[in-house]
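Working notes, structure below.
In the working numbering, the protein residues as written are 1 to 285.
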């Protein structure tokens with residue numbers, strides 16, 4: 001079994017998106033967020049490679065891992081906890097919020113990429129993460145929250161793959177994001193409203209960050225509800241971890257041994273966004 005493989009680490013936002021790859025060990029997927037792992041485990045002399053998005057060669061082989069599902073979510077809703085629970089099995093690789101996908105989707109926003117090309121590019125990036133390493137057999141992607149606005153694209157690219165959406169009360173999400181938030185929170189401070197207008201499908205001026213966050217979170221929810229396509233499962237924070245064995249694993253067609261289920265339950269005791277086992281506290285949630 002290979003010790004490293006070339007995985008996409010980010011996509012440069014361009015009219016012709018450029019996907020940059022690096023040789024990485026399986027350890028990179030142990031981190032709560034993929035790109036945090038990249039900075040920790042990649043060698044300083046690792047050779048930069050580029051993934052040809054226009055290649056006719058399909059990045060699939062008999063040894064490719066099985067793509068089991070996608071996790072969409074509302075932000076600050078326990079999605080990272082779910083990812084950690086899934087990783088309780090050494091058979092399951094979770095690719096969490098990779099900038100390779102984010103960069104591609106933002107390229108679509110800024111450069112109005114053709115849908116057919118975008119679908120093919122997304123497939124190529126996803127399949128690049130299915131390369132086998134270590135004991136892993138299957139892959140689940142936890143996407144960045146605003147990726148929900150591209151749910152239709154994911155459905156067209158992978159119509160048979162199950163997905164879930166984790167929801168939380170809007171007021172709670174807004175208050176949590178006001179304490180500590182990045183990603184689409186930072187769009188409020190951009191000198192241009194291009195991203196806001198694109199995802200909200202209208203030009204709007206917001207009087208406050210709180211008002212902007214409320215509208216954006218509601219837009220996340222409406223988009224998920226609008227595209228009830230394919231094999232989906234809607235979950236609610238904070239109760240969804242109790243459905244891990246009864247609903248979530250069957251939905252993704254995953255089978256865990258009892259010892260793996262115990263490890264998944266153990267993960268609930270710790271701060272999901274820390275690689276270290278720091279006891280969980282809901283003071284900042």
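Glycine included, every Cβ here is placed at the ideal spot set by N, Cα and C.
Discussion item. Among the candidates 277, 161, 140, 193, whose CA atom is the shortest distance from the CA of residue 109?
Written reply: 193
Worksheet item: Quick one: Cα of residue 15 to Cα of residue 111, how far?
Response: A direct Cα-to-Cα measurement between residue 15 and residue 111 gives close to 5 Å.
Discussion item. Our contact map puts residue 134 next to residue 235 with C-beta atoms below 8 Å; I'd like the distance itself, whole angstroms only.
Written reply: Actually they are not in contact, since the Cβ atoms of residue 134 and residue 235 sit about 29 Å apart, beyond 8 Å.
Worksheet item: For residue 187 versus residue 177, is the C-beta spacing smaller than 8 Å?
Response: no
Discussion item. With three or more C-beta pairs closer than 8 Å as the rule, is the segment 86-104 touching the segment 5-14?
Written reply: yes
Discussion item. Classify residue 189: buried if its beta carbon has 16 or more other beta carbons within 10 angstroms, exposed otherwise.
Written reply: Label assigned to residue 189: exposed.
Worksheet entry | Secondary structure of residue 297, DSSP reduced to three states | Outside the shown range of the chain (1 to 285) lies residue 297, about which nothing can therefore be said.
Worksheet entry | Three-state class that DSSP yields for residue 5 in the structure shown | strand
Worksheet entry | Whole-angstrom distance between residue 211 and residue 131, CA atom to CA atom | 43 Å
Worksheet item: Excluding sequence positions up to five away, which residues of its chain have a Cβ less than 6 Å from the Cβ of residue 37?
Response: 28, 31
Item to complete: Tell me residue 305's beta-bridge partners as DSSP assigns them.
Response: Since the first residue shown for the chain is 1 and the last is 285, residue 305 is missing from the structure and cannot be characterised.
Item to complete: Assign residue 58 to one of two classes, buried (16 or more other C-beta atoms within 10 Å of its C-beta) or exposed (fewer than that).
Response: Reliability fails at residue 58, whose pLDDT of 48 lies under 50, so the model's placement of it is uncertain and no value is given.
Practice prompt. Using alpha carbons as the reference points, say which of 116, 281, 73 lies closest to residue 156.
Written response: 116
Item to complete: Count the CB pairs spanning the segment 67-81 and the segment 137-145 that are closer than 8 Å, and state whether there are at least three.
Response: yes
Worksheet item: According to the neighbour-count rule (16 or more other Cβ atoms, all chains shown, within 10 Å of its Cβ), is residue 56 buried or exposed?
Response: Per-residue confidence for residue 56 stands at a pLDDT of 47, beneath the threshold of 50, marking its modelled position as unreliable; no derived number is given.
Worksheet item: Taking the alpha helix (DSSP H) that residue 120 falls in, what are its first and last residues?
Response: Residue 120 -> alpha helix (DSSP H) spans 115-128.
Worksheet item: For the putative contact between residue 85 and residue 241, defined by C-beta atoms under 8 Å, what is the C-beta separation to the nearest angstrom?
Response: Contact check for residue 85 and residue 241: beta-carbon distance about 7 Å, within the 8 Å limit, so the pair qualifies.
Discussion item. Taking DSSP's pairing of strands, which residues face residue 235 in a bridge?
Written reply: When beta bridges are read from the DSSP output, residue 235 appears opposite 166.
Discussion item. Output needed for residue 342: all residues of its chain with C-beta closer than 7 Å, excluding positions within five of it in sequence on either side, in chain order.
Written reply: Examination of residue 342 is not possible in this model, given that the chain is present from 1 through 285 alone.
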